[in-house]
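A short write-up of the structure that comes next.
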Amino acid sequence: MTYAFDFSGFGLYAGMLARGVAVTLGLTAISTLLGAVVGIAGASVAVAGPKWARWVVASYVELIRNTPFIVQLFFVFFGLPSLGIHIDEIQAAILAMTVNLGAYAIEIVRAGIDSISRGQVQAAQALGLHGRQVFRYIVLPQALANVFPALLSQVLIVMLGSAVVSQISVPDLTYAANFIQSRNFRSFESYLIITATYLLLSIVLRQILNRFGRGLFAGRTARAPSARLAAARPPDVARRPHPARGALIMVEFTLWDIARNLLLAARWTVLLSLIAFVGGGIVGLILLAMRVSPLAWLRRIVVLYVEVFQGTPLLMQLFLAFFGLPLLGVDVSPWVAATVTLTLYTSAYLVDIWRGCVEAVPRGQWAAGASLGMTFSQQLRYIVWPQALKIAVAPTVGFLVQVVKSTALASIIGFTELTKTGTMITNAAFRPFPIYGMVAMIYFAMCFPLTWYARVLEKRQKVGQHR
Numbered sequence: 001m002t003y004a005f006d007f008s009g010f011g012l013y014a015g016m017l018a019r020g021v022a023v024t025l026g027l028t029a030i031s032t033l034l035g036a037v038v039g040i041a042g043a044s045v046a047v048a049g050p051k052w053a054r055w056v057v058a059s060y061v062e063l064i065r066n067t068p069f070i071v072q073l074f075f076v077f078f079g080l081p082s083l084g085i086h087i088d089e090i091q092a093a094i095l096a097m098t099v100n101l102g103a104y105a106i107e108i109v110r111a112g113i114d115s116i117s118r119g120q121v122q123a124a125q126a127l128g129l130h131g132r133q134v135f136r137y138i139v140l141p142q143a144l145a146n147v148f149p150a151l152l153s154q155v156l157i158v159m160l161g162s163a164v165v166s167q168i169s170v171p172d173l174t175y176a177a178n179f180i181q182s183r184n185f186r187s188f189e190s191y192l193i194i195t196a197t198y199l200l201l202s203i204v205l206r207q208i209l210n211r212f213g214r215g216l217f218a219g220r221t222a223r224a225p226s227a228r229l230a231a232a233r234p235p236d237v238a239r240r241p242h243p244a245r246g247a248l249i250m251v252e253f254t255l256w257d258i259a260r261n262l263l264l265a266a267r268w269t270v271l272l273s274l275i276a277f278v279g280g281g282i283v284g285l286i287l288l289a290m291r292v293s294p295l296a297w298l299r300r301i302v303v304l305y306v307e308v309f310q311g312t313p314l315l316m317q318l319f320l321a322f323f324g325l326p327l328l329g330v331d332v333s334p335w336v337a338a339t340v341t342l343t344l345y346t347s348a349y350l351v352d353i354w355r356g357c358v359e360a361v362p363r364g365q366w367a368a369g370a371s372l373g374m375t376f377s378q379q380l381r382y383i384v385w386p387q388a389l390k391i392a393v394a395p396t397v398g399f400l401v402q403v404v405k406s407t408a409l410a411s412i413i414g415f416t417e418l419t420k421t422g423t424m425i426t427n428a429a430f431r432p433f434p435i436y437g438m439v440a441m442i443y444f445a446m447c448f449p450l451t452w453y454a455r456v457l458e459k460r461q462k463v464g465q466h467r
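Counting from 1, position 17 in the sequence shown corresponds to residue 17 in the numbering used here; the numbering is continuous, with no gaps.
Have a look at this one:
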């Protein structure tokens, strides 16, 4: 089967693409500013607030970090109107993105505050500064300098994750891609262009924010560690009716009916997560061997692979697999497209995690293996990998949480898992608040034990290092 690519007609939609870029960047900018405020305020409470306030902040962080962003978005847009709170799609997107980023920012900023030496605080107090002045002028600037790379990465994750706001009719880049392919029937070319645009935005934004961070925090005592809006709606796009206003056919479901169907659908979420994690782990090991290889061209291939998958939205990758593989003569179902995409997506992150663990093994261990006459592969197998494995267990288990949450996006290409089932029941019963609440709680029940176990492993590892 031969497929003829045709990009000739896309110039007609340049204005829509430009508006999509503006909306995506606008949403990212606003949610970043608001999320940073939430993060700083929440981190200060988590560190020095009263016990009840610390509990509230910790509960908020755990709930958001252990549920998928798309479920949070649906809960805000479809759930709040059932409580009498009516907001449009732009406001819902900003609120959901802010709430999501704020939870991650709290943990990042809190870690930065904890990294500040107690001696700095005591020195400031000796100079007569009271508590708020110490926090504002001494602790916070250095904490932000320490964690700026982590905050930058989270901002980019939020920008890439914003692709799902197209599901509530926000006219962002993904919305533009969906509209264009519905007009010219060139699905693969449309999503390929948008994916390349996201990759370009990710690279450019990272460079700009890196320069901004270096200028903003230059000269600080604590240096950053080396590790690392509403735009005009297109005039020819019809506005989707607000969920609280449209005429709907309602079906009666008891809470048990809803819970039972959601729990049955959760089996597919678990199965997809396990396949993606195991498959991604196998691919990740192969890529890791290439990444630490002495051959430069192998390392460059892996770097490019990681950059593409980490620098583009998972939703666009799903679209490309679902619409692109048939062009190669491969008939794919939503299940196959989701499995392949999530496996490759998972491998791109696992290889980065494991590479950091391999590099944490002292270089002297490599030299010792070489002095014994071991080949490169023998050094990896018998010396480096056993030590790196101990370091890698905690972050690998932690990343499994991200894999579980990422499966929610498979619902957009028609795979009937937990999120898709929740949407179908909501469309039939129109009870979005309790239904999406149940969906979020089931995801939380799946993810929180993994998060807790990852923290236990991390604490054990730190204790072992200090013995």
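Using N, Cα and C, we set each Cβ at its ideal position, and we do this for glycine too.
Quick caveat, the model's predicted, so the values are computed rather than measured.
Within the same chain, Cβ atoms closer than 6 Å to the Cβ of F323 are found at S187, F188, the five residues on either side in sequence being excluded. Segment contact: the region 160 to 177 against the region 24 to 42, three or more CB-CB distances shorter than 8 Å; contact assigned. Put simply, of I108, I138, S115 the residue whose alpha carbon is nearest the alpha carbon of Q122 is I138.
A buried status is given to R19, since no fewer than 16 other beta-carbon atoms sit within 10 Å of its beta-carbon. Scanning the region 63 to 95 from its first residue to its last, the whole alpha helix (DSSP H) runs of 4-plus residues come out as 69 to 74. Residue environment analysis places Y3 among the exposed positions, since fewer than 16 neighbouring C-beta atoms fall within 10 angstroms of its C-beta. Burial check for F212: the Cβ neighbour count within 10 Å stays below 16, so the residue is exposed. Per DSSP, reduced to three states, the secondary structure at P50 is coil, with no helix or strand assignment.
Of the residues assessed, W55 falls on the exposed side of the cut-off, its CB having fewer than 16 other CB atoms within 10 angstroms.
A distance below 6 Å between beta-carbons, with the five flanking residues on each side excluded, links C447 to the following residues of its chain, in chain order: N66, V401, V404. Note that the region 35 to 52 touches the region 104 to 121; at least 3 beta-carbon pairs, one per stretch, sit closer than 8 Å. Distances from the CA of Y60 to each of G42, F319, I208, L320 were compared; the closest alpha carbon is that of G42. I353 and T396 have their C-alpha atoms spaced approximately 7 Å apart. In the structure shown, R431 adopts coil according to DSSP, grouped into three states. The residues M290, in chain order, have a CB closer than 7 Å to that of I301 in the same chain once the five nearest residues on each side in sequence are set aside. Scanning its chain for C-beta atoms nearer than 8 Å, with the 5 sequence neighbours on each side dropped, one finds around T32 the residues L101, V155, V158, in chain order. The Cβ atoms of Y436 and F78 lie closer than 8 Å to each other.
For the set L34, N427, S202, the Cα lying nearest the Cα of I258 is the one of N427. Straight-line measurement puts the Cα of A58 at about 27 Å from the Cα of L262. By the 16-neighbour rule on beta-carbons within 10 angstroms, S8 is exposed.
Look at the region 304 to 338 and you find no whole run of beta strand (DSSP E) that is 3 residues long or longer. Take W385, set aside five residues on each side of it, and the residues of its chain with a beta-carbon closer than 8 Å to its own are V358, in chain order. In the DSSP assignment, Y382 falls outside any alpha helix (DSSP H), carrying neither H nor E. With the rule of 3 Cβ pairs closer than 8 Å, the region 370 to 384 does not count as touching the region 411 to 428. Under the three-state reduction of DSSP output, I116 falls in the coil class, being neither helix nor strand. The shortest C-alpha to C-alpha distance from D6 to any of N184, L144, V134, L95 is the one to N184. Annotated three-state conformation of V361 is coil, per DSSP.
In the DSSP assignment, T416 falls outside any alpha helix (DSSP H) and carries neither an H nor an E.
DSSP places R186 outside both helix and strand once states are collapsed to three, so it counts as coil.
Taking the Cβ atoms as the reference, L325 lies roughly 22 Å from G284, outside the contact range of under 8 Å.
Per DSSP, F135 lies in no alpha helix (DSSP H) and is assigned neither H nor E. For I168, there is no enclosing alpha helix (DSSP H), as DSSP marks it with neither H nor E.
For the set D114, F148, A408, the Cα lying nearest the Cα of T339 is the one of A408. Only exposed fits I286, as fewer than 16 other CB atoms lie within 10 angstroms of its CB.
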